[in-house]
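Novice:
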Amino acid sequence: MTTTTDVSFRYATRDDLPAIVGLLADDEKGKTREELSDPLPDAYTAAFDAMESQSTDALPNKYLLALQGTEIVGCLQLTLIAGLSRRGQLRAQIEGVRVASSARGQKIGEKLITQSVSISKSLGAALVQFTTDKTRKDAHRFYERLGFVASHEGMKMQIT
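Each number in my numbering corresponds to the 1-based position in the sequence shown with 329 added.
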């Protein structure tokens, strides 16, 4: 286990997919949602390639990675969305926030969120939003401590 709190950030490449899927699966809900196998199912590569094809410098749709040395210890998907509401404000959407179970308690999640907010602000976003499962009470406290407010009720529909 790495105990240093030095964290660096970079966007993911296709070669990082096994580590990202590993982080997504290293979670009580992810254990049932993800398929961590070698090789990974093609759906992960197709999804990564689709994200890359949608992404521009001004409107990224990328996985942001947190690293300790060369080890990937955290990730989240950061997507900037142009829209007409709120007088055309640009908004950032965060999804899939994960920190490796072996690295929790080192403020890596806080640094990852802070970095994504900083990137979003530098690109002109006026709002950062995400959804979090209602059962994740610890996560709710974490996000509130970082200044997020549960201002809306999220709704989802599984269509597959």
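The C-beta atom is built at its ideal place from N, Cα and C for all residues, glycine as well.
Just so we're clear, the structure is a prediction, and the values are computed from it rather than from any experiment.
(1) At which residues does the alpha helix (DSSP H) containing LYS360 begin and terminate?
(2) For TYR340, write down the residues that DSSP places opposite it in a beta bridge.
(3) Tell me the residue span of the beta strand (DSSP E) that contains GLU353.
(4) Would you say PHE377 reaches chain B, if we count a Cβ-Cβ gap shorter than 8 Å as a contact?
(5) To the nearest angstrom, how far is the alpha carbon of VAL336 from that of VAL402?
(6) Could you name each continuous alpha helix (DSSP H) segment of 4 residues or more that falls completely within the region 406-461, going from the start of the chain to the end?
(7) Tell me whether GLU482 sits in a helix, a strand or coil according to DSSP, three-state version.
Specialist: Concretely, from the data shown:
(1) Within the sequence shown, numbered from 1, the residue matching residue 360 stands at position 31. Segment 359-362, the alpha helix (DSSP H) holding LYS360.
(2) Locating residue 340 in the sequence shown gives position 11, counting from the first residue. Paired residues: LEU393.
(3) Position 24 of the sequence shown holds residue 353. It should be noted that the sequence gives Leu, not Glu, for residue 353. Here LEU353 belongs to no beta strand (DSSP E); instead the alpha helix (DSSP H) covers 346-354.
(4) Structure shown: chain B not included; a single protein chain is present.
(5) Within the sequence shown, residue 336 is the residue found at index 7, counting from 1. Within the sequence shown, residue 402 is the residue found at index 73, counting from 1. Roughly 9 Å separates the two Cα atoms.
(6) 414-417, 437-451
(7) The residue you call residue 482 lines up with position 153 of the sequence shown. Three-state result, GLU482: coil.
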